[in-house]
Structures are given as C-alpha cells and as structure tokens.
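Visitor: Once you know that position 102 of the sequence shown is 101 in numbering that gives the first Met the number 0, the rest is easy, because the numbers rise by one and skip nothing.
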Amino acid sequence: MKTITLLLIALFLTLTPANAQVLEVYKDVSVILAAEGDAALEAGDFRVALKKFEQAIVADPGNVSAYIGLGTIYLRIDSLPTSLKYYDLALWLEPTNLTALELQAYAYLSGESVDQARLNLEKMQTICFDRDCDQEGRLETTIEDHVEEIASEEENS
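(1) Excluding five sequence neighbours on each side, which residues of the same chain lie with their C-beta closer than 6 Å to the C-beta of A99?
(2) Given that a residue counts as buried once 16 or more other Cβ atoms are within 10 Å of its Cβ, and exposed if not, what is D144?
(3) Please confirm whether A48 and S29 have their CB atoms less than 8 Å apart.
(4) Can you look up N62 in the DSSP assignment and give me helix, strand or coil?
(5) Taking C-alpha atoms, which residue in I149, D129, Q115 lies nearest to L138?
(6) Using DSSP with H/G/I as helix, E/B as strand and the rest coil, what is G36?
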C-alpha cells in the first residue's frame, strides 16, 4: 500500500499540465470511493470500507478523508498504532484538519495518552481561536471526562 501511494505521488509530480483534467477525474473518483467507504464504515462493514478507502487513496493519494477513514477503521478494531499512522498521514497532508486532530486525540485517549490528546486540543484551540469549533468543545469535554474517570478508578482501587 505504501509503495503504491509513493509511486502515485511520483507519477502526479511528473505529469504535465495537459493532464490536469485526468487528475481531476481521479480526484472525483477518489471522493466517490471515500464516500462509499464512509457509508460502509457507518454500516459496520469494515472490510468493504477498508477496500474503498484504499482505492480512494490509489486514485488520489492526497485524499485526506480516506486516510481519516482508515484511521477510524483501525481505531474501531483496536489497532491503535495503525490508526495513529493514518491520522498522522491525514495531518501531514492537511495539518489544520479538525476532524483528523479530534479523532487522533480520541485514539490517544484510548491508549491512555492524555498528554498527547491535550496537545491536539491545544492545536485545535489555536486553529479555532477566533471562531466556534464544535470539535474543540467535544474533545475538551471528552478529555475532562476521561481524566475524571481515571481519577475515580484510582480512588476506588
């Protein structure tokens, strides 16, 4: 998968502007495949979702939502390192993507990395400093609840 992605990136870099229409077709196909992946993920069909997201990335290695989808699949099947890898790729492509930051923070929390989740929250607060971002509020509440839950468990031990 990684090799295919790197080869496609190299191919995109060597294409001439005359092929811009072809690239747009691939991007459009990638968006459709990612949407199909989202639908399969929502239906709980991880196998189909995985295939659709991978196909979306082959069609357009810059499709951030496909990487987010893969991260979500792996988070749901408790494969934390793989999940974090795909969220990292999404954020490498689009560092200010609030959805990727939020979901990556949830992955960190599932691995008990509260400090890492807080770093993501800080990034979101920087991005959202002059606007209202739902993701920021949700994440802040989730982190607070998680910390309270840990403290409660420690008291009961």
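Idealized CB from N, CA, C, for every residue including glycine.
Just so you know, these numbers come straight off a predicted model, no measurement behind them.
Guide: Considering the structure as presented:
(1) Taking C-beta separations shorter than 6 Å and ignoring five residues to either side along the sequence, the partners of A99 in its chain run I67, Y86, A89, L90, following chain order.
(2) Exposed, because fewer than 16 other Cβ atoms sit within 10 Å of the Cβ of D144.
(3) No, they are not a contact pair.
(4) For N62, the secondary structure class from DSSP, reduced to helix, strand or coil, is coil.
(5) Among I149, D129, Q115, the Cα nearest to that of L138 is on Q115.
(6) Helix.
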